[in-house]
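What follows is a set of notes on a single structure, which appears directly below.
Number of protein chains: 2
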Amino acid sequence: MKQEDPTSIKEKKVISIGTVRELTGLSERQIRYYEERKLIFPARSGSSGIRKYSFSDVERLMEIANQMEEGVQTHEIRREWKKKEKANEDWKKQMLKGQIQAHFNNNKQ
Amino acid sequence: MKQEDPTSIKEKKVISIGTVRELTGLSERQIRYYEERKLIFPARSGSSGIRKYSFSDVERLMEIANQMEEGVQTHEIRREWKKKEKANEDWKKQMLKGQIQAHFNNNKQ
DNA sequence: CGTGTAAGGAATTCTGACACG
DNA sequence: CGTGTAAGGAATTCTGACACG
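Below, the structure written as structure tokens:
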């Protein structure tokens, strides 16, 4: 019945920085800085350069805030994150490989 | 694992009018007018009076747009909507009643 | 009735920089 | 390194009103 996938909604970049500030409790300075350090990637509103964030971005910012409180440097956060990203991709590759393998064995048998 | 309910996300008032315009294709004038006619109820951003809409609001606006294209008056849309709202409440009451009834019968038997 | 528009003001956001440390 | 802040400008939003129909 519903045409909208709840996942896509979380990814839509529609929230401006002031609202993100309210949602996360971070200062605008902090939010922009984390972007500068490549931890977050807002979209830019059409004509002007106004930043737009998704709910996923907000969640990520809250995770970042936690890490920062623990004294982790932006550099570290970024590195950890890319590591996880890669692990996830490798995992998906393995899954795919498994599927193909299973299919092959199935036909042989 | 996830702490955020996808439903609550859809209800969060975080989108400003310019973005709603882009999402719906409606003019800001129209969006504000539908509010004046009690078809939509944005929140107002803290200190200033800036309107904030949810994804649900955006969906509703698109439904309104469709009705308007069909030549339905705002007055009619509002009336139809309240009717459905009431029907839904009555239905929920019936459900509740059914539950109690079932529970009662269960104990007796 | 529903919507466009010009008007003036207020609040938001942006960037680059200086400061502290 | 991470964050606060004052600075000046540009884009956004707001309200009440006049217009057309």
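From first to last, the protein sequence lines are chains A and B. Each step along the first sequence adds one to the number in my numbering, with nothing skipped, and position 24 is 24. Position in the second sequence (from 1) plus 1000 gives the number in my numbering. Heads up, the beta-carbon is just placed ideally off N, CA and C, and yes, glycines get one too. Given the structure is predicted, the values throughout are model-derived calculations rather than measurements.
Of the residues the options, which one's Cα is nearest the Cα of residue i?
| i | options | result |
| --- | --- | --- |
| E28 of chain A | A:I17, A:K38 and A:K86 | A:I17 |
| F1041 of chain B | B:L1096, B:K1013, B:Q1101 and B:G1025 | B:K1013 |
| I15 of chain A | A:D5, A:E70, A:A43 and A:K92 | A:A43 |
| Y34 of chain A | A:M68, A:I50, A:S54 and A:E22 | A:M68 |
| I9 of chain A | B:K1082, B:S1045 and B:S1054 | B:S1054 |
| T24 of chain A | A:G49, A:I50, A:D5 and A:R60 | A:R60 |
| M62 of chain A | A:Q30, A:K93 and A:K82 | A:Q30 |
Taking only beta-carbon atoms, is residue i less than 8 Å away from chain B?
| i | result |
| --- | --- |
| T19 of chain A | yes |
Using a Cβ-Cβ distance under 8 Å, would residue i count as near chain A?
| i | result |
| --- | --- |
| K1010 of chain B | yes |
Going along chain B in order, which residues have a C-beta closer than 9 Å to the C-beta of residue i?
| i | result |
| --- | --- |
| P6 of chain A | P1006, T1007, I1009 and K1010 |
Which residues in chain A have a C-beta closer than 7 Å to the C-beta of residue i? List them in chain order.
| i | result |
| --- | --- |
| F1055 of chain B | I9 |
Listing by chain order, which chain B residues have their CB less than 7 Å from the CB of residue i?
| i | result |
| --- | --- |
| S16 of chain A | S1016 |
Compare the beta carbon distance of residue i and residue j with 8 Å and say whether it is the shorter of the two.
| i | j | result |
| --- | --- | --- |
| R37 of chain A | T74 of chain A | yes |
| S47 of chain A | E11 of chain A | no |
| V1058 of chain B | V1020 of chain B | yes |
| L39 of chain A | R78 of chain A | yes |
How should residue i be labelled, buried or exposed, when 16 other C-beta atoms within 10 angstroms of its C-beta is the threshold for buried?
| i | result |
| --- | --- |
| L96 of chain A | exposed |
| T7 of chain A | exposed |
| I1064 of chain B | buried |
| K52 of chain A | buried |
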